[in-house]
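The block underneath contains the structure these notes are about, expressed in structure tokens.
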Amino acid sequence: MNTLLHTGSVLGDLTGTVLFLYFQGCGILFTGFLLRKKDMITRLLCGSVLGSVLLMWVPALFSFLFGFTKLSHILAAGLCTLILFLLDLFRVESAPYHLPSRENMVAFVKKHRIFLILCSITFILFAYMLSTHTLLVKQDGLHTGQCSYGDINFHLGVITGISIQQTFPPEYTISPGHRLCYPFLCDSISSSLYTFGASLRYAYMFPMYFAILQVMTGFYCFACTWLKKASTACLAWFLFFYNGGLGFLYFLD
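Residue numbers for the sequence shown follow this note's numbering, so the first one is 1468 and each next one is one higher.
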């Protein structure tokens, strides 16, 4: 496992990042075409989620023919680009999709400033905890703050197995010849980054940053839709994400 953690390079991490961000960008542009009437934060949220889904599913479709290889990912990126081109070419509305103007960005920040502050502070805390508690190489082995008894071991095996096997659908790494009976597409995003040369630790952690932002923004959008007021939605958001309850009292004994 130590060898797997140290495989990859700065160039590999950068290439994996570009791949991930490209699909994120495609998702955001798709929602720009399809959800024109929604506000910016909803489009960004749906676009980011769609980008993650695209990176799960579109390379998987090509992988049935070409295996889980770089070629399948390049073809998937090309297909997304082609669809975006066709959407722009045959758009129903006369006005093309434009990126938000400076005025729209200022209005967006002003309206959601409380959430942006809360989300930024919480994200920084999450990023710090993730980077200091996940797959740290020590002299006595690997240290992690996540479930190290079996869960993270299994998922790391799935991530590397999908990439290294290159067969699709993949097989169990601990039981060759038996098809993997697990919803493995949740791990295939990391497998995609790993395939393009990212280290296992980076490929495992990088998508999590976007996932937590999607969760935090998703709850805020839900609260805004339900409560009809940004300040009230921020209060609901704070109570939801910072409500640890009284469980800490058990540790006082």
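Where a beta carbon is used, it is the ideal one built from N, C-alpha and C, also for glycine.
Boundaries of the beta strand (DSSP E) around LYS1605: 1603–1605.
Judged by DSSP in its simplified three-state form, HIS1645 adopts coil rather than helix or strand. In the three-state reduction of the DSSP assignment, LEU1609 falls in the strand class. Excluding the 5 residues flanking it on each side, LEU1694 has same chain C-beta neighbours closer than 6 Å at ALA1700, in chain order. In its chain, beyond the 5 residues on either side, LEU1609, HIS1610 and THR1611 have a beta carbon closer than 8 Å to the beta carbon of LEU1603.
Under the DSSP assignment, TYR1687 falls in the alpha helix (DSSP H) whose first and last residues are 1667–1694. Excluding the 5 residues flanking it on each side, PHE1575 has same chain C-beta neighbours closer than 6 Å at MET1507, in chain order. Counted as a single uninterrupted DSSP element, the alpha helix (DSSP H) harbouring LEU1583 occupies residues 1580–1600.
Excluding the 5 residues flanking it on each side, THR1627 has same chain C-beta neighbours closer than 8 Å at LEU1471, THR1640, SER1658, TYR1661 and LEU1667, in chain order. By alpha-carbon distance to LEU1511, the top candidate from SER1698, LEU1553, LEU1521 and THR1498 is THR1498. Using a 10 angstroms sphere on the CB of LEU1549, the tally of other CB atoms stays under 16, which defines it as exposed.
Take PHE1531, set aside five residues on each side of it, and the residues of its chain with a beta-carbon closer than 7 Å to its own are PHE1635, in chain order.
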